[in-house]
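Participant: Before anything else, here's the structure in question.
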Amino acid sequence: MPTTRSASSFGTADARPLDLVIFGGAGDLSARKLLPSLYMCHRDGNLPGGTRIIGVGRHAWDREAFVGFADEKAKPFVDARYLDAAKWQTFLERLDFVRLDASQPADYEALAEKLRDEALRIYYMAMPPGLFAATCDNLAGHGLIADDTRLVLEKPLGVDLASAIAISEVVNRYFTEDRTYRIDHYLGKETVQNLMALRFGNSIFEPLWRTPFVCSVQITVAETVGVGSRGGFYDEAGAMRDMIQNHLLQLVSILAMEPPAALNSDAVRDEKLKVLRSLRPMSPEDVRRNTVRGQYTAGAIAGELVRGYLQEDGIPPDSRTETFVAMRAELGTWRWNKVPFYLRTGKRMQERVTEVVINFAQVPHSIFDPGSTLQPNRMVIRLQPEESVRLTLMVKQPGEGMKLKPLSLALNLDSAFTTRRAEAYERLLLDVIRGRLALFVRRDELQAAWTWVDPILEAWRQQDEGPRPYTAGTWGPAASSAFMAREGMQWSEEA
Ligand code: BG6
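If you're matching positions, the sequence shown starts at 1 in our numbering and goes up one per residue.
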């Protein structure tokens, strides 16, 4: 009996061919992430047979020039263990290039000539959002958007709520929500998905995952890199727009959501949305009390001297853009009432680490020697650079009396699993190809996040003082530790 092919059910060599068009194909993201990830998909036989990857950009390039770009700029980002000369060659054969100025309708003729009627089309917008509207209009004007064509959007998706809505309005004119894939690459990380496994694959945590058993949650995303060559972009964004509005709030939503009824895209995203909508709005006074902004100055990272933010390329000497944020967020729900979520992110910090700390409640009454300080249980979930889970428990020290000390139950997922883990972009690109939306941000989630972030940015704009300086290679400004001390807390590396 003949079977009907559904758009979401392919991924093997006999499936419908694919035309994957990367707007911004000659850019940094394409070189560092997209092409290397697509190579890995190709290497593992996960691209549909007949897949073509068409780079699009303003360069006066032909196919050979794009292949040269892939060889020179993208190949070094492929993990050498998986680079196979023959497979790399067959990957290059899939590449093509179209010179196109997104705002010039006539340029789309050349793209139209390359696209095959029978192929599924995926347009990947790895370019500034200012060009999304013109690109969509022009694609539609040339009849290049079919009913099943998919669109992938890279951040930044706006600079505030209004601009995020404007972007969605434009793209949703041509692409329904179920064909729109907004990337937050943190959702593609194996480790982030493991948070869901930990929460919903084990029954012991769920009853405790709430007030009053959880007293506070800390999320740290610390980076040692500076802004590098992205100064122009970063200075317009800052850590709030670049990291908190998306990656950290997505982590909050996964950590705090109610158990979804199923793992399908809308069940999960409905629950995440409720979390984002329950973020307590902050008044200017809350912002003053509950946030610390920082900006790095020259210092040393792993023994190497590095410039300060204001000396980086493309940064105005009087910039007030924050490269560090520490803050307290709260969720107005029964489960999380008054449980602080401390969020922290920064560039040029002492270590690269992404970590979640769940601080459980102190025992209500101690029966042990007065010399035994009972530490509340803590669960530390490290997501980067290595993946591990540590649960601190109090145990008796050997010897007379009843003196207790904390010891950790430790789980190292890196050594437990030796199989290769797909990089975030590889996983997400495969999900787009297979039509799986669960790991992409829905329009309402994006808007809920901006709704919470906007007043914070506005309050900062109104403040006289700018971000506080911190020396590169430290854990941020002293005000960040002082803020936690005022809360009766410590950041995890201080505890
Ligand atoms: C990106 C930000 O979204 O995430 C960058 O724009 C940041 O500024 C990066 O460096 C961090 O991602 P990862 O995967 O290295 O933690």
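We put the CB at the ideal spot given by N, CA and C, even for glycine.
Only a predicted model underlies this, so the values are computations on that prediction, with no experimental measurement involved.
Taking a contact to mean a Cβ-Cβ separation below 8 Å, would you say D148 touches L187 in this structure?
Facilitator: In this structure, L187 does not lie closer than 8 Å to D148 by Cβ.
Participant: Judging by CA-CA distance, which residue of G201, E426 and M349 is the nearest neighbour of K33?
Facilitator: The shortest Cα separation from K33 among G201, E426 and M349 belongs to E426.
Participant: May I have the straight-line CA-CA distance separating N359 from H42, to the nearest angstrom?
Facilitator: The straight-line gap from Cα to Cα measures roughly 43 Å.
Participant: Using the beta-carbon count (16 or more within 10 Å), is E304 buried or exposed?
Facilitator: Answer is exposed; the Cβ neighbour count stays below 16.
Participant: Within 10 Å of its beta-carbon, does V225 have 16 or more other beta-carbons around it, so buried, or fewer, so exposed?
Facilitator: Flag for V225 reads exposed.
Participant: Using a threshold of 8 Å, state whether the C-beta atoms of G473 and R348 are closer than that.
Facilitator: Cβ atoms of G473 and R348: closer than 8 Å.
Participant: Is V225 near the ligand BG6, with its Cβ less than 7 Å from a heavy atom?
Facilitator: Yes.
Participant: Got a sec? Which residues, its chain only, sit under 6 Å from S372 by beta carbon, not counting five neighbours each side?
Facilitator: Only K403 and L404 meet the Cβ criterion.
Participant: Which residue marks the beginning of the alpha helix (DSSP H) containing A31, and which one marks its end?
Facilitator: A31 -> no alpha helix (DSSP H), and no H or E assigned at all.
Participant: Could you tell me the alpha carbon to alpha carbon distance between Q397 and A416, rounded to whole angstroms?
Facilitator: Taking the straight line from one Cα to the other gives about 29 Å.
Participant: Is any heavy atom in the ligand BG6 found nearer than 7 Å to the beta carbon of D28?
Facilitator: No, since every heavy atom of the ligand BG6 falls outside the 7 Å radius drawn around the Cβ of D28.
Participant: Could you please give the first and the last residue of the uninterrupted beta strand (DSSP E) stretch that includes Q295?
Facilitator: Residues T291 to T297.
Participant: Quick check on G55: does DSSP put it in helix, strand or coil?
Facilitator: If DSSP states are grouped into helix, strand and coil, G55 belongs with the strands.
Participant: Report yes if the CB atom of F66 is closer than 8 Å to the CB atom of G55, and no otherwise.
Facilitator: Cβ distance < 8 Å, so F66 and G55 count as in contact.
Participant: Consult DSSP for A166 and reduce its assignment to one of helix, strand or coil.
Facilitator: Of the three classes helix, strand and coil, the one that applies to A166 here is helix, per DSSP.
Participant: Closer than 7 Å to a non-hydrogen atom of the ligand BG6 - does that hold for the CB of D242?
Facilitator: Correct: D242 has its Cβ closer than 7 Å to the ligand BG6.
Participant: Using alpha carbons as the reference points, say which of Q462, A267, V395 and T354 lies closest to L439.
Facilitator: Cα-wise, what sits closest to L439 is A267.
Participant: Check whether the Cβ of Q350 lies closer than 7 Å to any heavy atom of the ligand BG6, and answer yes or no.
Facilitator: Outside the cutoff, so no.
Participant: Run through DSSP, which three-state label would A329 get?
Facilitator: Residue state, collapsed to three classes: strand.
Participant: For the ligand BG6, is there a heavy atom less than 7 Å away from the beta-carbon of T354?
Facilitator: Yes, Cβ of T354 sits closer than 7 Å to a heavy atom of the ligand BG6.
Participant: Which value, in whole angstroms, describes the spacing of the CA atoms of D79 and L38?
Facilitator: Using only the alpha carbons, I get a separation of about 13 Å.
Participant: Starting from A410 and walking both ways along the beta strand (DSSP E), at which residues does that stretch end?
Facilitator: Its beta strand (DSSP E) spans residues L404 to N412.
Participant: Would you mind sorting D313 into buried or exposed? The rule is 16 or more other CB atoms within 10 Å of its CB.
Facilitator: D313 is exposed by the Cβ-count criterion.
Participant: Cα separation between L18 and G435?
Facilitator: Spanning the two alpha carbons is a distance of roughly 13 Å.
Participant: Using 8 Å for Cβ pairs, my map puts R461 next to E190. What's the rounded Cβ distance?
Facilitator: The pair is not a contact, with the Cβ atoms about 38 Å apart (cut-off 8 Å).
Participant: Compute the Euclidean distance between the alpha carbons of V192 and R378, then round it to the nearest angstrom.
Facilitator: About 19 Å.
Participant: Please give the ranges of any alpha helix (DSSP H) in the region 133-203, keeping only runs that are unbroken, at least 4 residues long and fully inside the region.
Facilitator: Within the region 133-203, the complete alpha helix (DSSP H) runs of at least 4 residues are 161-174 and 190-200.
Participant: Between which two residues does the beta strand (DSSP E) harbouring Y124 extend?
Facilitator: Note, Y124: beta strand (DSSP E), L120 to M125.
Participant: Using 8 Å as the threshold, is the C-beta distance between M240 and V159 below it?
Facilitator: Their beta carbons are not under 8 Å apart, which means M240 does not touch V159 by this criterion.
Participant: How about T471 and T297: are their beta carbons less than 8 Å apart?
Facilitator: The answer is yes: Cβ separation under 8 Å.
Participant: Are the Cβ atoms of G25 and F97 separated by less than 8 Å?
Facilitator: Yes, the Cβ-Cβ distance between G25 and F97 is below 8 Å.
Participant: Which class does V363 belong to by DSSP, given the choice of helix, strand or coil?
Facilitator: Here V363 sits in coil by DSSP.
Participant: For the region 164-171 against the region 445-457, do three or more pairs of beta-carbon atoms, one drawn from each stretch, fall closer than 8 Å, so that the two count as touching?
Facilitator: Yes: at least three Cβ pairs fall under 8 Å.
Participant: Between the alpha carbons of E154 and D464, how many angstroms are there, rounded?
Facilitator: Distance between the alpha carbons of E154 and D464: 33 Å.
Participant: Report the three-state DSSP secondary structure of V306 (helix, strand or coil).
Facilitator: Correct three-state label for V306: strand.
Participant: Three-state secondary structure (DSSP) at I358?
Facilitator: Strand.
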